[in-house]
Amino acid sequence: MLIQLKSRIQEPEVQELLSYSVFPDPDHLNRALQQYVDKEELHLDGYEDEGQLIGLIGYESTGTSEITIHHIAVLPENRFKNYGRGMISQVLAKYNPDRLIAETDVEAIEFYRNTGFVVYSLGELYPGVERFRCVLEKDEEQDED
1 MLIQLKSRIQ
11 EPEVQELLSY
21 SVFPDPDHLN
31 RALQQYVDKE
41 ELHLDGYEDE
51 GQLIGLIGYE
61 STGTSEITIH
71 HIAVLPENRF
81 KNYGRGMISQ
91 VLAKYNPDRL
101 IAETDVEAIE
111 FYRNTGFVVY
121 SLGELYPGVE
131 RFRCVLEKDE
141 EQDED
């Protein structure tokens, strides 16, 4: 089950996890942390296992139709154990959005593809860096059940 992390944003464990999902620069990390503090529409949730924070997911809920993932990270030693997929599943179960969206780099597109997202290239948004938009649409058949 996901737990809210906004009240724990100053904890080193939270900051370490978030650092895995931002450009490796202290200024980018500090800006991301401050956004979660300042913006009520941004959510920062985490997954704990036996008292250890394993992963986090930061997202924005825009009504009931769309959620945008801004950050998702799992401790390196716990990757490839379905924690990321599990956090996405819990966000989907909680909000039941029509669409889940993420923007990412080439290193993470296979994670999103394997989780059911359709991946679109956005081109080279930054010099030498291709970015991708990942979209997971609600399954209409599931919605009818």
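Each residue of the sequence shown is one higher than the one before, starting from 1 at the first, in UniProt numbering. C-beta atoms are modelled at their ideal positions from N, C-alpha and C, and glycine is treated no differently.
| Check | Outcome |
| --- | --- |
| Classify Val135 as helix, strand or coil using the three-state DSSP reduction. | strand |
| Counting pairs of Cβ atoms below 8 Å between the stretch 123–130 and the stretch 72–91, do you hit three or more? | no |
| Could you name the residues that DSSP lists as bridge partners for Thr68? | Glu60 and Ile101 |
| May I ask you to verify whether the stretch 68–77 touches the stretch 99–107, counting CB pairs closer than 8 Å and requiring at least 3? | yes |
| Just verifying my parser: in three-state terms, what is the DSSP assignment at Tyr112? | helix |
| Do Ile9 and Gly46 come within 8 Å of each other at the CB atom, strictly closer than that value? | no |
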